[in-house]
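See structure below.
There are 2 protein chains.
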Amino acid sequence: MKSQSTDSTFPTVGIIGVGLIGGSLGLALKKAGMTKKVLGVGRTESNLQVAKQLGQIDEIVDLQTLAEESDLMIVCVPVAKTKEVLQAIHPYLTKDKIIIDVGSTKMDVVACAKEVLGDQVAQFIPCHPIAGGAQHGAVAAKVDLFKNKQIMICPLLENTSVNVQRIEQCWQSLGAQVYKMSAIEHDHIFAAVSHLPHVLSYALMLQIANAEDAQKKFVHAGAGFRDFTRIAGSSPEMWTDISLANKDAILKELDAYLLILERMKTAMQNNDGAALQKMYQIASNSRNDWQG
Amino acid sequence: MKSQSTDSTFPTVGIIGVGLIGGSLGLALKKAGMTKKVLGVGRTESNLQVAKQLGQIDEIVDLQTLAEESDLMIVCVPVAKTKEVLQAIHPYLTKDKIIIDVGSTKMDVVACAKEVLGDQVAQFIPCHPIAGGAQHGAVAAKVDLFKNKQIMICPLLENTSVNVQRIEQCWQSLGAQVYKMSAIEHDHIFAAVSHLPHVLSYALMLQIANAEDAQKKFVHAGAGFRDFTRIAGSSPEMWTDISLANKDAILKELDAYLLILERMKTAMQNNDGAALQKMYQIASNSRNDWQG
Numbered sequence: 008m009k010s011q012s013t014d015s016t017f018p019t020v021g022i023i024g025v026g027l028i029g030g031s032l033g034l035a036l037k038k039a040g041m042t043k044k045v046l047g048v049g050r051t052e053s054n055l056q057v058a059k060q061l062g063q064i065d066e067i068v069d070l071q072t073l074a075e076e077s078d079l080m081i082v083c084v085p086v087a088k089t090k091e092v093l094q095a096i097h098p099y100l101t102k103d104k105i106i107i108d109v110g111s112t113k114m115d116v117v118a119c120a121k122e123v124l125g126d127q128v129a130q131f132i133p134c135h136p137i138a139g140g141a142q143h144g145a146v147a148a149k150v151d152l153f154k155n156k157q158i159m160i161c162p163l164l165e166n167t168s169v170n171v172q173r174i175e176q177c178w179q180s181l182g183a184q185v186y187k188m189s190a191i192e193h194d195h196i197f198a199a200v201s202h203l204p205h206v207l208s209y210a211l212m213l214q215i216a217n218a219e220d221a222q223k224k225f226v227h228a229g230a231g232f233r234d235f236t237r238i239a240g241s242s243p244e245m246w247t248d249i250s251l252a253n254k255d256a257i258l259k260e261l262d263a264y265l266l267i268l269e270r271m272k273t274a275m276q277n278n279d280g281a282a283l284q285k286m287y288q289i290a291s292n293s294r295n296d297w298q299g
Numbered sequence: 008m009k010s011q012s013t014d015s016t017f018p019t020v021g022i023i024g025v026g027l028i029g030g031s032l033g034l035a036l037k038k039a040g041m042t043k044k045v046l047g048v049g050r051t052e053s054n055l056q057v058a059k060q061l062g063q064i065d066e067i068v069d070l071q072t073l074a075e076e077s078d079l080m081i082v083c084v085p086v087a088k089t090k091e092v093l094q095a096i097h098p099y100l101t102k103d104k105i106i107i108d109v110g111s112t113k114m115d116v117v118a119c120a121k122e123v124l125g126d127q128v129a130q131f132i133p134c135h136p137i138a139g140g141a142q143h144g145a146v147a148a149k150v151d152l153f154k155n156k157q158i159m160i161c162p163l164l165e166n167t168s169v170n171v172q173r174i175e176q177c178w179q180s181l182g183a184q185v186y187k188m189s190a191i192e193h194d195h196i197f198a199a200v201s202h203l204p205h206v207l208s209y210a211l212m213l214q215i216a217n218a219e220d221a222q223k224k225f226v227h228a229g230a231g232f233r234d235f236t237r238i239a240g241s242s243p244e245m246w247t248d249i250s251l252a253n254k255d256a257i258l259k260e261l262d263a264y265l266l267i268l269e270r271m272k273t274a275m276q277n278n279d280g281a282a283l284q285k286m287y288q289i290a291s292n293s294r295n296d297w298q299g
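Encoded structure:
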């Protein structure tokens, strides 16, 4: 029996992993009147205390209590931890509850949700808010983090349209723009526009950090370097997980990127300014035309 | 006979190429009381008219007039054009005049200055203000562009210390911080922290622009992508010049970068999260420790 409620509120919300995203969700869902009570589970007691003091969660509980009491559970852990969280929740997953996640990759999350939840995967709705940042932890959370941000929902065939609509309305109530797409399309797009740039930014930062004259280079690095490497300040744990979770799509994008670098390298070696400028011109025009 | 003046002002300044840097120099030098009159030469009449209307230059002249009348000449053209500018100036280069440039590469500029100016290269002081931006043209110029910005001066053995000091004071009067280093060290450092990142950013933008689903990718690209690709909006002409002018250093950095990408690729292929996270961690720590 599937829930037919069109009520968009969830009396009790359980947040598993109260960091930047989880903490902001706690604040925002309460402010939007989408919930009355937020329960929090996390790995670090001090971080949970901060989250409670800042009003992001009302109670610090264990995972069983959270699973038993929450109408909506939001999994905000690094993607590699999703499986163990779902395994711990599963025994308490009555038919009226919904689980969503906020992971940056979706194919792997869907696969593990199907494996762990079986038929009850119908109650799991994969989500991905594009609202990360180099900062993390409850201390970085903000009530308006999702305002005017994009939220990707990757509905499963098993999900009821009513539940998908409830989750869609829930995100919209936080001021977010919702897009729906398949998990495979999601992972392909974000490999290109998010995951690969992170890998490239980490790689440049590693190169400078390992240079003999690193200190001098850091002194003279300017605004372009600062912007290019901002995402290299992101959580290494989270991005290791993402890199492995979506490695097929990332490696495909990386190989295409390496071919472009080879073309640029050849143009430089041959002093072929015309070829190089043609490539730079397409890139520059696209960047300046983009309204991102 | 070399100039022994320690006067740091230049009654007439000639700016060759009145774009972001040249136009900002016109405004800033006048405001700082370093000059009374600024002459401008450029390729585009409409841009020169804008520069004159905005007070960046007082008169639009031809290159001969500029060379005859200016006490300080500032070459603000794409680095590949430096040679022809110096050739045009050379016949009018009396001993009391100083030339500086603002190019992003220095080894090539020094080589062509030596070739064109001969002994008079003593009057040429290579400079590089770290104050570029994705915007260009006189319309983008700002009076405070150099405030708190770094200026690299790469003095030649032929330069007099008095002249180097005059130029140093001139930049300092605009609020800039002056650093002195050799041209070879300059080009090595900036290949790593500026030129390579531009190449990498252009390459990613080109990859997305050429993708079949480019429009969809651009819709979902977020803040990380925006920062990473900001420098891909830079002038293709200028960056083609820089890429070729400093290609030895850039290709060396690019090869080192490709090795790092191969290591990351191998770690992903082998599901070696520990190796990947170790690399990301070093990068992330360095980025977060950097005060840039």
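One line per chain: the protein sequences are S and G, in this order.
Each number in the numbering used here corresponds to the 1-based position in the first sequence with 7 added.
Each number in the numbering used here corresponds to the 1-based position in the second sequence with 7 added.
A virtual CB, placed ideally from N, CA and C, is assigned to each residue, including glycine.
Predicted model, so just to flag it, every value in this text is computed and none were measured.
CB-CB length for residue i against residue j, believed under 8 angstroms
i        : j        : result
His135/G : Lys156/G : Incorrect: roughly 11 angstroms between the Cβ atoms, too far for contact.
Gly144/G : Asn54/G  : 6 angstroms
Gly240/S : Ser291/G : 6 angstroms
Ile249/G : Met275/S : About 11 angstroms; that fails the 8 angstroms criterion.
Val48/S  : Val68/S  : 6 angstroms
Ile28/S  : Cys83/S  : 5 angstroms
Ile132/G : Val171/G : 6 angstroms
Glu315/G : Ala118/G : This structure does not reach residue 315/G, given that chain G is present from 8 up to 299, and the question cannot be answered.
Leu100/G : Ile23/G  : Actually they do not touch by this definition, with Cβ atoms about 13 angstroms apart.
Gly110/S : Ala228/G : So it is not a contact: roughly 18 angstroms between Cβ atoms.
Val185/S : Trp178/S : 5 angstroms
Ala199/S : Glu269/S : Between Glu269/S and Ala199/S the Cβ distance is about 18 angstroms, and since that is not below 8 angstroms, they are no contact.
Lys43/G  : Ser77/G  : Their Cβ separation, rounded to whole angstroms, is 12 angstroms, which puts Lys43/G and Ser77/G out of contact at 8 angstroms.
Leu93/G  : Val123/G : 4 angstroms
Chain-ordered neighbours of residue i on chain S, where CB pairs are closer than 7 angstroms
i        : result
Pro204/G : Leu211, Gly231, Phe232 and Phe235
Asn278/G : Leu251
Gly287/G : In the sequence under discussion, the amino acid at residue 287/G is Tyr, which differs from the Gly named in the question. What Tyr287/G touches in chain S: Tyr209, Pro243, Trp246 and Thr247.
Asn295/G : Gly240
Ile107/G : Chain S residues near Ile107/G: none, gap ~19 angstroms exceeds 7 angstroms.
Extent of the continuous beta strand (DSSP E) run through residue i
i        : result
Lys44/S  : Lys44 to Val48
Ile289/G : From DSSP, Ile289/G is part of no beta strand (DSSP E) but of the alpha helix (DSSP H) over Gly280 to Asp296.
Ile137/S : Counting along the chain, Ile137/S falls outside any beta strand (DSSP E), and DSSP gives it neither H nor E.
Phe23/S  : Looking at the sequence itself, residue 23/S is Ile, so the reference to Phe does not match. Unbroken beta strand (DSSP E) run through Ile23/S: Thr19 to Ile23.
Val82/G  : Leu79 to Val82
Ile105/G : Ile105 to Asp108
Bounding residues of the alpha helix (DSSP H) (the contiguous stretch that carries residue i)
i        : result
Ile257/G : Lys254 to Gln276
Cys119/G : Met114 to Leu124
Ile28/G  : Leu27 to Lys38
Lys90/S  : Thr89 to Ile96
Thr16/S  : First-last for Thr16/S: undefined, no H or E at that position.
Ser53/S  : Glu52 to Gln60
Thr72/S  : Leu70 to Glu76
Contacts of residue i in chain S (Cβ-Cβ under 9 angstroms)
i        : result
Met114/G : Under the 9 angstroms cutoff, chain S gives no residues; its nearest Cβ is about 15 angstroms from Met114/G.
Closer than 8 angstroms at the beta carbon, the chain S residues around residue i
i        : result
Glu350/G : Lying outside 8 to 299, the shown extent of chain G, residue 350/G is not represented and no answer is given.
Ala218/G : Ala199
Ser291/G : Tyr209, Met212, Ala239, Gly240, Ser241, Ser242 and Pro243
Leu283/G : Thr247, Ser250 and Leu251
Ile215/G : Ala199, Val200 and Ser293
Listed by chain order, chain G residues near residue i by CB distance under 7 angstroms
i       : result
Ile81/S : Residues of chain G passing the Cβ test: none, with the nearest at roughly 20 angstroms.
Amino acids of chain G, ordered along the chain, whose beta-carbon sits closer than 9 angstroms to that of residue i
i        : result
Gly26/S  : Ordered by position in chain G, no residue passes the 9 angstroms Cβ test against Gly26/S, which lies about 15 angstroms from the chain.
Gly299/S : Phe225, Val226, Ala228, Gly229, Ala230, Phe232, Arg233 and Thr236
Met275/S : Val206, Ser250, Leu251, Lys254, Ile257, Leu258 and Leu261
Ile22/S  : Within 9 angstroms Cβ-Cβ: nothing; Ile22/S doesn't reach chain G, min ~22 angstroms.
Interface partners of residue i on chain G, CB under 8 angstroms
i        : result
Lys272/S : Leu258 and Leu261
Please give me, in chain order, every unbroken run of the beta strand (DSSP E) with length at least 3 that falls completely inside the stretch 174-252 of chain G. Given a length threshold of 3 residues, each whole run of the beta strand (DSSP E) inside the stretch 174-252 of chain G is given here in chain order: 184-187.
Select from the stretch 220-241 of chain S all residues with a C-beta closer than 9 angstroms to any C-beta belonging to chain G, and list them in chain order. Within the stretch 220-241 of chain S, the qualifying residues are Asp220, Ala221, Lys223, Lys224, Phe225, Val226, His227, Ala228, Gly229, Ala230, Gly231, Phe232, Arg233, Asp234, Phe235, Thr236, Arg237, Ile238, Ala239, Gly240 and Ser241.
Against chain G: residues of the stretch 142-165 of chain S by CB proximity under 9 angstroms: Residues of the stretch 142-165 of chain S whose Cβ lies closer than 9 angstroms to any Cβ of chain G, in chain order: Lys156, Gln157 and Met159.
In the stretch 139-176 of chain G, which residue ranges form an unbroken alpha helix (DSSP H) of at least 4 residues, counting only runs that do not cross its ends? Taking only runs of at least 4 residues, no alpha helix (DSSP H) segment lies wholly in the stretch 139-176 of chain G.
Which residues, taken in chain order from the stretch 170-200 of chain S, show a beta carbon closer than 9 angstroms to some beta carbon of chain G? Listed by position, the residues of the stretch 170-200 of chain S near chain G (Cβ gap below 9 angstroms) are Tyr186, Met188, Glu192, His193, His195, Ile196, Phe197, Ala199 and Val200.
When Cβ atoms are compared, which residues of the stretch 255-270 of chain S fall closer than 8 angstroms to chain G? Using a CB distance below 8 angstroms, the part of the stretch 255-270 of chain S facing chain G consists of Ile257, Leu258, Glu260, Leu261, Ala263, Tyr264, Leu265, Ile267 and Leu268, ordered along the chain.
Listed in chain order, which residues of the stretch 76-105 of chain S have Cβ atoms closer than 9 angstroms to some Cβ of chain G? Per Cβ criterion, the list reads Ala87.
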